[in-house]
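Below is one structure, written out as structure tokens; the observations come after it.
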Amino acid sequence: MTFEPLASDFFGYSAHLSEQEKESIMALRSYLETEVKPLVNGLWERAEFPHQIVKKLAELDVYRFGWESTKPFENSAVFRGFVALELARIDASVATHVGVHNGLAMGSVNVAGSDEQRAEWLPKMATGEIVGAFGLTEPDSGSDSAQGLRTVATRDGDDWILNGSKRWIGNATFSDITIIWAKSAEDGQVKGFIVKTDTPGYTATKIEGKQSLRIVQNADITLENVRVPESMRLQNANSFRDTASVLRLTRAEVAWAAVGNSIGAYEAALRYTKQRVQFGKPIASHQLVQDLLVKSLGNITSSLGMVVQVSRMLDEGVQRDEHSALAKAFATARMRETVAWCREALGGNGIVLEYDVARHFADAEALYSYEGTREMNTLIVGRTITGFAAFV
Numbered sequence: 225m226t227f228e229p230l231a232s233d234f235f236g237y238s239a240h241l242s243e244q245e246k247e248s249i250m251a252l253r254s255y256l257e258t259e260v261k262p263l264v265n266g267l268w269e270r271a272e273f274p275h276q277i278v279k280k281l282a283e284l285d286v287y288r289f290g291w292e293s294t295k296p297f298e299n300s301a302v303f304r305g306f307v308a309l310e311l312a313r314i315d316a317s318v319a320t321h322v323g324v325h326n327g328l329a330m331g332s333v334n335v336a337g338s339d340e341q342r343a344e345w346l347p348k349m350a351t352g353e354i355v356g357a358f359g360l361t362e363p364d365s366g367s368d369s370a371q372g373l374r375t376v377a378t379r380d381g382d383d384w385i386l387n388g389s390k391r392w393i394g395n396a397t398f399s400d401i402t403i404i405w406a407k408s409a410e411d412g413q414v415k416g417f418i419v420k421t422d423t424p425g426y427t428a429t430k431i432e433g434k435q436s437l438r439i440v441q442n443a444d445i446t447l448e449n450v451r452v453p454e455s456m457r458l459q460n461a462n463s464f465r466d467t468a469s470v471l472r473l474t475r476a477e478v479a480w481a482a483v484g485n486s487i488g489a490y491e492a493a494l495r496y497t498k499q500r501v502q503f504g505k506p507i508a509s510h511q512l513v514q515d516l517l518v519k520s521l522g523n524i525t526s527s528l529g530m531v532v533q534v535s536r537m538l539d540e541g542v543q544r545d546e547h548s549a550l551a552k553a554f555a556t557a558r559m560r561e562t563v564a565w566c567r568e569a570l571g572g573n574g575i576v577l578e579y580d581v582a583r584h585f586a587d588a589e590a591l592y593s594y595e596g597t598r599e600m601n602t603l604i605v606g607r608t609i610t611g612f613a614a615f616v
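Residue 225 is where the sequence shown starts when you use our numbering, and the numbers rise one by one after that.
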């Protein structure tokens with residue numbers, strides 16, 4: 225299958241991909257466009273997750289790429305970013321599902337687990353046999369998770385007993401395991417636990433009424449005396465710094481997903497404006513419509529340049545928190561502008577699912593907020609460039 229750069233990759237950043245990476249991208253794109261795209265508007269409207277895609281995404285190696293023990297071939301962070309982009313270009317919820325399972329859940333095991341835990345869990349997660357979720361955010365603790373975590377882990381012989389609650393946990397209505405982060409009652413440090421979701425005392429309740437990322441199955445989790453053996457504690461998770469190490473790896477891919485969501489809206493708007501005739505000619509030939517499209521493409525291009533570079537820095541081992549924080553803050557802010565301009569280009573048709581832009585427009589709000597709000601990422605970068613911490 226011949227690789228075709230996206231028209232929205234205006235400066236040709238996909239040239240950074242190897243031939244094998246390009247082949248993998250094209251296989252994924254073909255599947256997403258033919259099998260997933262026709263379903264997503266209906267799924268979004270019904271707030272349903274297409275469970276059948278898990279097996280196919282696993283067959284396409286989507287869950288394997290990031291980790292040494294499971295990757296099918298040597299690949300770059302830039303390539304993994306383009307995977308996130310392709311997923312979000314079709315649907316941001318599908319990209320979020322993969323980001324939670326592959327990035328956050330598998331990432332927790334890979335970064336903070338022991339050799340034995342990696343050997344036991346990562347192969348099963350890579351094949352989609354086991355689906356993971358990531359339980360950090362709580363009803364009263366989001367941006368202040370480093371200090372405000374209220375879920376408690378109490379040692380009881382060879383076990384730990386977990387009590388508390390989590391909120392906004394993606395994949396959690398159908399996950400087989402959830403990585404639960406809790407404060408130890410002994411030393412007050414944050415520790416991670418691999419919790420099987422059929423453990424007594426563990427309940428997950430779907431969050432209803434969402435107006436963004438409706439396909440993602442977010443849940444409220446309640447933990448009532450959930451008993452977890454010491455062997456299921458992530459052996460290398462000893463403080464919130466270890467949790468942050470996982471988030472550092474995934475934050476840049478959320479920025480990539482924001483670019484993909486922008487591209488999905490832009491492509492839909494471009495297609496529509498070429499076909500929609502007003503005053504006797506396609507509205508794409510009107511100056512003000514072209515202005516909206518060009519501004520959108522400018523946002524996409526500048527954001528794509530930033531995420532490509534931050535991923536190259538990850539490959540080179542020089543990426544730091546402030547780099548991924550700036551990429552996430554910038555790309556999601558530009559995404560918000562872009563999807564609004566694309567909706568504007570469609571006029572009234574911009575608010576119905578039929579033309580796709582409405583879904584990308586609504587989903588942008590969740591991407592803008594999760595994996596670190598713009599404000600928190602701004603403070604991370606601000607601390608670096610000024611030398612002063614402005615956190616409350």
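A virtual CB, placed ideally from N, CA and C, is assigned to each residue, including glycine.
Quantities reported herein were computed from a predicted structural model and do not represent experimental measurements.
Got a sec, what are the start and stop residues for the beta strand (DSSP E) residue i sits in?
| i | result |
| --- | --- |
| Pro262 | Segment 261-270 is the alpha helix (DSSP H) holding Pro262; no beta strand (DSSP E) there. |
| Gly399 | For clarity, residue 399 is Ser in the given sequence; the question names Gly instead. Run containing Ser399: none; DSSP gives neither H nor E here. |
| Ile604 | It is not in any beta strand (DSSP E) - Ile604 instead sits in the alpha helix (DSSP H) that spans 598-610. |
| Trp392 | 383-393 |
| Thr378 | 376-380 |
Rounding to the nearest angstrom, what Cα-Cα distance links residue i and residue j in this structure?
| i | j | result |
| --- | --- | --- |
| Val355 | Ala461 | 21 Å |
| Ala481 | Ala308 | 5 Å |
| Arg567 | Gln276 | 31 Å |
| Asp315 | Thr378 | 40 Å |
| Glu292 | Asn299 | 10 Å |
| Pro274 | Lys280 | 11 Å |
| Leu437 | Val576 | 16 Å |
| Thr467 | Gly416 | 8 Å |
| Phe235 | Ser526 | 10 Å |
| Thr597 | Gly504 | 45 Å |
| Met600 | Pro506 | 43 Å |
| Leu284 | Val318 | 14 Å |
| Val335 | Leu263 | 35 Å |
| Thr602 | Leu512 | 33 Å |
| Leu471 | Phe554 | 17 Å |
| Arg465 | Asp233 | 36 Å |
| Glu340 | Leu517 | 51 Å |
| Ile249 | Tyr237 | 14 Å |
| Val286 | Gln514 | 36 Å |
| Thr474 | Met330 | 11 Å |
| Glu259 | Val542 | 38 Å |
| Arg253 | Gly488 | 13 Å |
| Ala613 | Ser463 | 20 Å |
| Gln499 | Ser486 | 20 Å |
| Glu432 | Trp565 | 29 Å |
| Ser520 | Ala586 | 17 Å |
Should residue i and residue j be called a contact, given that it needs their Cβ atoms to be closer than 8 Å?
| i | j | result |
| --- | --- | --- |
| Phe289 | Leu328 | no |
| Glu477 | Gly323 | yes |
| Val483 | Leu550 | no |
| Ala406 | Ile445 | no |
| Ile401 | Leu458 | no |
| Gly425 | Val450 | yes |
| Tyr592 | Arg558 | no |
| Ala343 | Val376 | no |
| Val690 | Ala479 | Here the chain comprises residues numbered 225 to 616, so residue 690 is not present and cannot be evaluated. |
| Asn628 | Thr556 | Outside the displayed range of the chain (225 to 616) lies residue 628, so it cannot be described from this structure. |
| Ile403 | Leu447 | no |
| Leu267 | Ile439 | yes |
| Glu269 | Asp382 | no |
| Lys434 | Ala588 | no |
Apart from the five residues just before and just after residue i, which ones in its own chain have a Cβ nearer than 6 Å to its Cβ?
| i | result |
| --- | --- |
| Trp392 | Thr361, Asn442 |
| Asp303 | Reading off the sequence, residue 303 comes out as Phe, not Asp. So the qualifying residues of the chain are Leu241, Glu245. |
| Trp345 | Val333 |
| Leu256 | Ile314 |
Note the first and the last residue of the continuous alpha helix (DSSP H) segment covering residue i.
| i | result |
| --- | --- |
| Phe554 | 545-569 |
| Lys279 | 276-283 |
| Arg253 | 243-255 |
| Thr226 | Looking at the DSSP string, Thr226 is not in any alpha helix (DSSP H), and its letter there is neither H nor E. |
| Arg583 | 581-593 |
| Gly305 | 301-314 |
Between residue i and the rest of its own chain, which residues show a CB-CB distance below 8 Å, the 5 nearest in sequence each way excluded?
| i | result |
| --- | --- |
| Tyr579 | Ala492, Tyr496, Leu570, Asn573 |
| Val501 | Ile507 |
| Phe615 | Leu603, Arg607 |
| Glu247 | Met225, Phe227 |
Within a Cβ cutoff of 7 Å, which residues of the same chain sit near residue i, ignoring the five residues on either side of it in sequence?
| i | result |
| --- | --- |
| Pro363 | Ser389, Arg391 |
| Thr294 | Arg288, Leu346, Pro347, Ala350 |
| Lys261 | Ile314 |
| His547 | Val534, Met537 |
| Ala590 | Ser436, Leu437 |
| Glu310 | Ile249, Leu252, Arg253, Leu256, Gly484 |
With 8 Å as the threshold, decide whether the Cβ of residue i is near any Cβ in chain D.
| i | result |
| --- | --- |
| Met559 | No chain D appears in this structure, which consists of one protein chain only. |
> Considering only residues of the region 408-446, which uninterrupted beta strand (DSSP E) runs meet the minimum length of 3 residues and lie entirely inside it, listed in chain order?
Replying inline: Taking only runs of at least 3 residues, the beta strand (DSSP E) segments lying wholly in the region 408-446 are 414-420, 426-430.
>> At 3 residues or longer, what runs of the beta strand (DSSP E) sit wholly inside the region 319-367?
In response: DSSP runs (the beta strand (DSSP E)) wholly in the region 319-367: 356-359.
> Quick one: complete alpha helix (DSSP H) runs, 4+ long, within the region 496-531?
Replying inline: The alpha helix (DSSP H) runs of length 4 or more contained entirely in the region 496-531 do not exist; there are none.
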